[in-house]
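Under my numbering, think of the first position of the sequence shown as 28, with each following residue one higher. Cβ atoms here follow ideal geometry from the backbone N, Cα and C, with glycine treated the same way. Since we're looking at a predicted model, the values are computed, not measured.
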Amino acid sequence: MRADLILTGFDEVVTLGVGSIPRIGSEMQELSRIDHGAIAIDRGKVAWTGRASFLKTEVTLRKGGSLRHFAGGTALPGFVDPHTHLVFHGSREEEVAQKVTGSSYLEIARRGGGLFKTVRETRAASQGELLSQARLRLQRMVRWGTTSLEVKSGYGLSLDTEMKLLRTIQRLSTKDGPTIVPTFLGAHAFPPEYEGCHQAYVKDLVGRQIPAVARSGMARFCDVFCEEGFFSAPESKHILRAATSAGLLAKIHADEFTECGGADVAVRVGALSADHVLQTGAKGRLALAKAGVTAVLLPITPFASLSGKASPGRAMVDAGVPVAIGTDLSPNSWVESMPLVIAHAVYGARLTPEEAITAATVNAAHAIGLDGSGRLVPGSSADIAVFDLPRAEHLAYRLGSLPPVAVYIRGARISPLPR
Ligand code: ZN
């Protein structure tokens, strides 16, 4: 076996190499761990993983190749963040005090704040401004170990402005950066200019926006915010059916504040994931499990909304639903760190530390159509996060407070951010 880069000296290497994709039930507990492990990389891909003591007999370093010795630590697949609203303009720090004193997300939005404030600011921003702000957030996400992510549009809510956001997402993709999966979320909310004529906006989405987005090739998924006061279950189904017939894959913001049929829509349109699912009941969980729809839990969102609710991690895993976790990075819950999400998935959503790592890697990759990513197996992209922690479960135990000491994307080490 030949390699141009060898990483060794770890206390533990977590490969997530064994098991079905996505992992379900007790499989989520199995991380495929190697004590005193090493990783051999060739041309940006994982070539070999195993115990460091076998390196000499099994791996030959190519001429000019390099070996890096870590004095302990844990190496994992880079994290996959399956749900982000990374591209937006401005910030909403004034809403924190409003939330603390009792305003809900929906009340703030109804007053024209929240999402609608971000829509106004994002519409007014140039593509250059959006790109430079999103790029900084993306760089910080990578420093926290994220090597693949989904990014949604959704703060434009008109064909022109949504296309501006999708072009921004496209320009965030670089050959040495993280893998980005783009999602069209024109159905994030009804734009203010369609007040009182919601059907006309649904018609615009289905008849004009979705066909144009699909033709542009700039989105892989179409998402809908299915919620009381936003898009109803029948509207969501209609929009997602139009999207899948245009060649886009479906995902859905489902049952976040009320159980309004979001999980059922996910099953009926063949969505790859149903996200949030905070209010989904036992019947909905069973339907998701039967259809194999991945539940993408966003455990920081109910925490940052001071809702007093926790994501239903334990209930979903026990029902046999494939579970993934993500940041939901947005101006409402501005979080760039997957280790922090892992901590909340454990202490809030009651996943075990092992389940949370599975949910942040291999299952998250499946939720955004990157099957096979989020693992360290021969042939997979050498996307790796190295933590100065003796075992993988310390990630949750240390409450996500420790950034990785090294991150590799396609075998290339990411340099620290300049101050
Ligand atoms: Zn979201």
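#### Entry: Inter-stretch contact at 8 Å, needing at least 3 Cβ pairs: the region 210 to 221 / the region 250 to 258
The region 210 to 221 is in contact with the region 250 to 258.
### Task
Enumerate in chain order the residues of its own chain whose CB-to-CB distance from GLY347 is below 6 Å, with the five nearest sequence positions on each side excluded.
The residue labelled residue 347 in the question sits at position 320 within the sequence shown. Within the same chain, and ignoring the five residues on either side of GLY347 in sequence, the residues whose Cβ sits closer than 6 Å to its Cβ are ILE51, GLY52 and ALA316.
### Query
Roughly how far, in whole angstroms, is the beta-carbon of VAL292 from the beta-carbon of ALA246, given that I think they are within contact range, below 8 Å?
To locate residue 292, count along the sequence shown from 1; it is residue 265. To locate residue 246, count along the sequence shown from 1; it is residue 219. About 19 Å separates the beta carbon of VAL292 from that of ALA246, a gap too long to meet the 8 Å contact definition.
### Message
Could you give the first and the last residue of the continuous beta strand (DSSP E) run that contains PRO104?
### Response
Counting from 1 along the sequence shown, the entry for residue 104 is found at position 77. Residues 101 to 104.
### Message
Does GLU39 come out as helix, strand or coil in the three-state DSSP assignment?
### Response
Numbered from its first residue, the sequence shown carries residue 39 at position 12. Looking at GLU39 - three-state DSSP - the assignment turns out to be strand.
### Query
In three-state DSSP terms, what is GLU382?
Counted from its first residue, the sequence shown places residue 382 at position 355. In this structure, GLU382 counts as helix in the three-state DSSP scheme.
### Message
Please tell me whether, using a cut-off of 7 Å, the distance from the CB of ASP108 to the nearest non-hydrogen atom of the ligand ZN is below it.
### Response
The residue given as residue 108 occupies position 81 in the sequence shown. No - the ligand ZN has no heavy atom lying nearer than 7 Å to the Cβ of ASP108.
### Message
By the DSSP assignment, the beta strand (DSSP E) with GLY423 in it spans what residues?
### Response
Mapped onto the sequence shown, residue 423 falls at position 396. It should be noted that the sequence gives Ala, not Gly, for residue 423. That residue, ALA423, is in no beta strand (DSSP E); its alpha helix (DSSP H) goes 421 to 424.
### Query
To which residues of the same chain is GLU85 closer than 6 Å at the C-beta, ignoring the five residues directly before and after it?
As a working mapping, residue 85 is identified with position 58 in the sequence shown. Excluding sequence neighbours, GLU85 sits near MET28.
### Query
Do VAL323 and ALA351 have their C-beta atoms closer together than 8 Å?
Here residue 323 is taken as the residue at index 296 of the sequence shown, counted from 1. Here residue 351 is taken as the residue at index 324 of the sequence shown, counted from 1. With contacts defined as CB atoms closer than 8 Å, VAL323 and ALA351 qualify as a contacting pair.
#### Entry: Where SER408 sits in the DSSP three-state scheme
Position 381 of the sequence shown holds residue 408. Secondary structure of SER408 (DSSP, three-state): strand.
#### Entry: Same chain, Cβ closer than 8 Å to PHE143, neighbours up to 5 away in sequence not counted
Looking up residue 143 in the sequence shown gives position 116. Cβ neighbours of PHE143 beyond the five flanking positions: ALA136, ALA216 and PRO219.
### Query
Hey, out of ARG440, ALA372 and PRO443, whose CA is closest to LEU426's CA?
Here the question's residue 426 lines up with position 399 in the sequence shown. Closest in alpha carbon position to LEU426, among ARG440, ALA372 and PRO443, is ALA372.
### Message
Count Cβ pairs between the region 91 to 108 and the region 35 to 52 that sit closer than 8 Å; are there 3 or more?
### Response
The region 91 to 108 vs the region 35 to 52: in contact.
### Query
Candidates SER357, SER364 and ALA386: which alpha carbon is nearest GLY5's?
Here the chain covers residues 28 to 446 and nothing more, so residue 5 does not appear.
### Message
Looking at the secondary structure, which residues open and close the alpha helix (DSSP H) in which PHE352 lies?
### Response
Indexing the sequence shown from 1 puts residue 352 at position 325. It should be pointed out that residue 352 corresponds to Ile in this sequence rather than to Phe. Careful: ILE352 lies outside any alpha helix (DSSP H), inside the beta strand (DSSP E) at 350 to 352.
### Message
Tell me which residue opens and which closes the beta strand (DSSP E) that VAL434 is part of.
### Response
Along the sequence shown, read from residue 1 onward, the residue named residue 434 stands at position 407. Looking at the DSSP string, the run of the beta strand (DSSP E) that includes VAL434 is 433 to 436.
### Task
Mind reading off the beta-carbon distance from ALA301 to ILE327? Whole number of angstroms is fine, and I expect it under 8 Å.
Translated into positions along the sequence shown, residue 301 becomes position 274. Translated into positions along the sequence shown, residue 327 becomes position 300. Not confirmed; about 18 Å, so no contact.
### Query
Is HIS371 near the ligand ZN, going by C-beta to nearest heavy atom under 7 Å?
Translated into positions along the sequence shown, residue 371 becomes position 344. Checking every heavy atom of the ligand ZN against the Cβ of HIS371, none is found closer than 7 Å.
### Task
Throw me the rounded Cβ distance for the ILE436 and ASP203 pair, which I believe falls under 8 Å.
Locating residue 436 in the sequence shown gives position 409, where the first residue counts as 1. Locating residue 203 in the sequence shown gives position 176, where the first residue counts as 1. Contact flag correct, Cβ pair sits at about 7 Å.
#### Entry: Counted within 10 angstroms of its Cβ, other Cβ atoms place THR101 as buried (16 or more) or exposed
Within the sequence shown, residue 101 is the residue found at index 74, counting from 1. Label assigned to THR101: buried.
### Task
Work out the CA separation of GLY92 and ALA391 for me, nearest whole Å.
Mapped onto the sequence shown, residue 391 falls at position 364. Mapped onto the sequence shown, residue 92 falls at position 65. Here the C-alpha atom of ALA391 lies approximately 32 Å from the C-alpha atom of GLY92.
### Buried versus exposed call for SER243 [16 or more other C-beta atoms within 10 Å across all chains shown]
Residue numbering aside, residue 243 sits at position 216 when the sequence shown is read from its first letter. Taking a 10 Å sphere around the C-beta of SER243, we find fewer than 16 other C-beta atoms and assign the residue as exposed.
### Message
Please report the distance separating the alpha-carbon of ALA433 from that of THR174.
### Response
Residue mapping note: residue 433 aligns to position 406 of the sequence shown, counting from 1. Residue mapping note: residue 174 aligns to position 147 of the sequence shown, counting from 1. If you take the alpha carbons of ALA433 and THR174, they lie about 12 Å apart.
### Burial state of GLN154 (16 or more Cβ within 10 Å)
Counting from 1 along the sequence shown, the entry for residue 154 is found at position 127. Exposed, since its Cβ has fewer than 16 Cβ neighbours within 10 Å.
### Query
Is the region 150 to 170 touching the region 185 to 202 in the sense that three or more CB pairs, one from each, lie closer than 8 Å?
As far as the Cβ criterion goes, the region 185 to 202 touches the region 150 to 170, which means the pair count is three or higher.
### Task
Kindly indicate which residue of LEU184, LEU165 and ALA281 has the alpha-carbon position closest to the one of TRP361.
Indexing the sequence shown from 1 puts residue 361 at position 334. That would be LEU165, whose Cα lies nearest to the Cα of TRP361.
### Query
Is any heavy atom in the ligand ZN found nearer than 7 Å to the beta carbon of ASP282?
By one-based count along the sequence shown, residue 282 stands at place 255. No, the beta carbon of ASP282 sits no closer than 7 Å to any heavy atom of the ligand ZN.
### Pairwise C-alpha distance: PRO380 and GLY288
Counting from one through the sequence shown, the residue named residue 288 turns up at place 261. Counting from one through the sequence shown, the residue named residue 380 turns up at place 353. Distance between the alpha carbons of GLY288 and PRO380 is about 30 Å.
### Message
Could you compute how far the alpha carbon of ALA273 sits from the alpha carbon of ARG235?
### Response
Residue 273 sits at position 246 when you count from the first residue of the sequence shown. Residue 235 sits at position 208 when you count from the first residue of the sequence shown. Straight-line Cα distance between these residues: approximately 11 Å.
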